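The next block holds one structure in the form of structure tokens; read it before the comments.
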Amino acid sequence: MGTAVYPCRVDQRTPTVYRTRSWTNRNRALIGLGGLALLLLGYGIGRWQDTPSAPAAVPAALTASATAAASSAPVDTPAPSSPAPTPVEYGLLQAESASELAGIQAQDTQDESGGQNVGWINRGDHLRFDKYDFGEVPATKAKIRVASAAGVSGRVQIRLDGLGNAPVGELSVSNTGGWQTWRTDVAALRPVTGTHTIYLTFTAPDDSEFMNVNWIQFEH
């Protein structure tokens, strides 16, 4: 009787089983890597938030433009101030030294300053002084040294550059007590500057002589 031969069964696993295990292992690996990646990402974000951000760089072109604009902007420079003009110190205009004595005569004076005065003045007479420089600071008054023994009052008028021009100042002269009794009267002037020809004109109610004049002096 012969020996029975039984077929040998080999345990062969199908490809499906291997694929299933490989897929599972790969999923586990991916899940692990994903968790690690999330951990690293969170750490990086935390570090980035804790780090102060650097100021944004200003483009060089903008910086250059701002510098150029600042350098070209107008600068208010105070204008140099001009020195104030110096007032002219007016001297005495002696009446007998006038450029013209119209209807008037000179005589020795008894005034304290000595010298001469002009007299025999009546209406229509005048004195003229040429090219008198008042300067840049206006003259605003005139002192006139007068004497009179007349029974009437007259007026002295100061005119510039023409006998027919309107007076810039005038005063009334009354009796001083004698033809050599002197008094200084003051006439207010419209402010006068520059160089002018000065006329002293005389008016009175009649043609009688009514005053003498020694000098005139302007003041600021």
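Heads up: the sequence shown runs through residues 1405 to 1624, numbered per the numbering used here.
By construction, the Cβ of each residue, glycine as well, lies at the ideal position given by its N, Cα and C atoms.
These numbers come from a predicted model, not from an experiment.
Close-in-space but distant-in-sequence residues of the same chain around residue i (CB under 8 Å, 5 per side omitted)
{"i": "T1599", "result": "K1535, Y1536, D1537, F1538"}
{"i": "S1612", "result": "N1526, A1554, V1556"}
{"i": "A1592", "result": "T1544, K1545, G1573"}
Per-residue DSSP class, three states only, for residue i
{"i": "L1564", "result": "strand"}
{"i": "E1504", "result": "strand"}
{"i": "L1444", "result": "helix"}
{"i": "A1499", "result": "helix"}
{"i": "T1585", "result": "strand"}
{"i": "Y1536", "result": "strand"}
{"i": "Y1494", "result": "coil"}
{"i": "A1554", "result": "coil"}
{"i": "T1481", "result": "coil"}
{"i": "T1580", "result": "coil"}
Residue i - partner residues in DSSP beta bridges
{"i": "V1522", "result": "A1510, V1617"}
{"i": "G1573", "result": "I1562, L1593"}
{"i": "E1623", "result": "K1545"}
{"i": "T1601", "result": "Beta-bridge pairing links T1601 to no other residue."}
Own chain partners of residue i with C-beta closer than 7 Å, once the 5 adjacent residues on each side are dropped
{"i": "P1571", "result": "Q1561, I1562, R1563"}
{"i": "W1619", "result": "L1496, L1497, Q1498, A1499, R1549"}
{"i": "E1540", "result": "P1489, T1597"}
{"i": "P1491", "result": "G1539, V1541, H1624"}
{"i": "I1508", "result": "V1522, W1524, I1525, D1529, L1531"}
Contact set for residue i: own chain, Cβ-Cβ below 6 Å, skip 5 residues either direction
{"i": "G1523", "result": "Q1511, N1616"}
{"i": "F1622", "result": "Y1494, A1543, A1546"}
{"i": "S1557", "result": "S1576, S1578"}
{"i": "T1580", "result": "A1551, S1552, R1587"}
{"i": "N1569", "result": "R1563"}
{"i": "L1445", "result": "none"}
Check: residue i C-beta below 7 Å from any heavy atom of the ligand ADP
{"i": "G1523", "result": "As for the ligand ADP, it is missing from this structure, which has no ligand bound."}
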